[in-house]
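Trainee:
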Amino acid sequence: MKEVVKAEEGEVFDIELEADLLKANKELAEENRELLRKHGVAAIDIMGSIGAGKTSLIEKLVQLLKEKYRIAVFKGDLTTTIDAELIARHSVEVVPINTGKECHLDANLVRKALQEIDLNNLDLLFIENVGNLICPAEFPLGSEKRAVVISVTEGPYMVVKHPFIFIDADVVVINKADLAQAMKVDAKKLGTDVERINPNSKVAVTNCRSGEGVRKVVEALGL
Ligand code: MG
Ligand code: ZN
5 MKEVVKAEEG EVFDIELEAD LLKANKELAE ENRELLRKHG VAAIDIMGSI
55 GAGKTSLIEK LVQLLKEKYR IAVFKGDLTT TIDAELIARH SVEVVPINTG
105 KECHLDANLV RKALQEIDLN NLDLLFIENV GNLICPAEFP LGSEKRAVVI
155 SVTEGPYMVV KHPFIFIDAD VVVINKADLA QAMKVDAKKL GTDVERINPN
205 SKVAVTNCRS GEGVRKVVEA LGL
């Protein structure tokens, strides 16, 4: 095998433009954080690949928590409102956010969505990001906690291959545990991979279809 071709610092196109963009996003995220704090709203990001189970997790969390908290959900997607409609069935406020071609939510889109809801009548906000394991890590939205959902169907090396998304994650959900055997993937090993990258994260193993393990996610999120 030949040497790995690497993008060196400064070699990536538009590096300055990117630095400006990330800085602007960070400032807006701080404003969002301040606004949410002022209204006593706990916001939680839900990140993960397409099909990992982010929406299923949110549906189960909403079912478990909607008697205890006033909940709203922001649902990021490129162009559709399919997931937003699934969540809205549980009679919570849902704001769909369509990013167009953008593969992640940013703090500006979240700021605009925050204008759509009554923060005085809210305790808890889930923000489901666009399905993507790469850039959401670089775009803070202003939330209090960040959760990453992964599934055993993404293979045994998915954690070690995408370390950055886990570095700042408060909670990591390993989903589709019921399929682990068929996929020949060890959910526990995925958990130890996460703990190696981020010893502060809390790991919960779930089957979000049946709801198994979701109470552990509630605990891990401190809800
Ligand atoms: Mg989804
Ligand atoms: Zn992106």
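Residue numbers (my numbering): 5 to 227.
Glycine included, C-beta positions come from ideal geometry on N, C-alpha and C.
DSSP on Ser60, reduced to helix/strand/coil?
Mentor: Here Ser60 sits in helix by DSSP.
Trainee: In terms of DSSP beta bridges, what is Gly80 paired with?
Mentor: In the DSSP output, where bridge partners are listed per residue, Gly80 has Ile101.
Trainee: Compute every distance between the C-beta of His166 and the non-hydrogen atoms of the ligand ZN, then say whether any falls below 7 angstroms.
Mentor: False, no ligand heavy atom lies under 7 angstroms from that Cβ.
Trainee: Hey, how far is the Cα of Lys72 from the Cα of Glu7?
Mentor: Approximately 55 angstroms, taken between the alpha carbons.
Trainee: Looking at the unbroken beta strand (DSSP E) that takes in Ala151, where does it start and where does it end?
Mentor: Taken as a continuous stretch (DSSP letters only), the beta strand (DSSP E) holding Ala151 covers 149–155.
Trainee: Any residues whose CB sits closer than 7 angstroms to a heavy atom of the ligand FAD? List them in chain order?
Mentor: No copy of the ligand FAD appears in this structure; the ligands present are the ligand MG and the ligand ZN.
Trainee: Using only the alpha-carbon positions, how far apart do Val218 and Thr157 sit?
Mentor: About 18 angstroms.
Trainee: For the alpha helix (DSSP H) that Asp197 lies in, which residues bound it at each end?
Mentor: Counting along the chain, the alpha helix (DSSP H) containing Asp197 begins and ends at 191–201.
Trainee: Since Thr210 and Ala181 should fall inside the 8 angstroms C-beta cutoff, what is the C-beta to C-beta distance between them, to a whole number of angstroms?
Mentor: Sure, about 6 angstroms apart at Cβ, within 8 angstroms.
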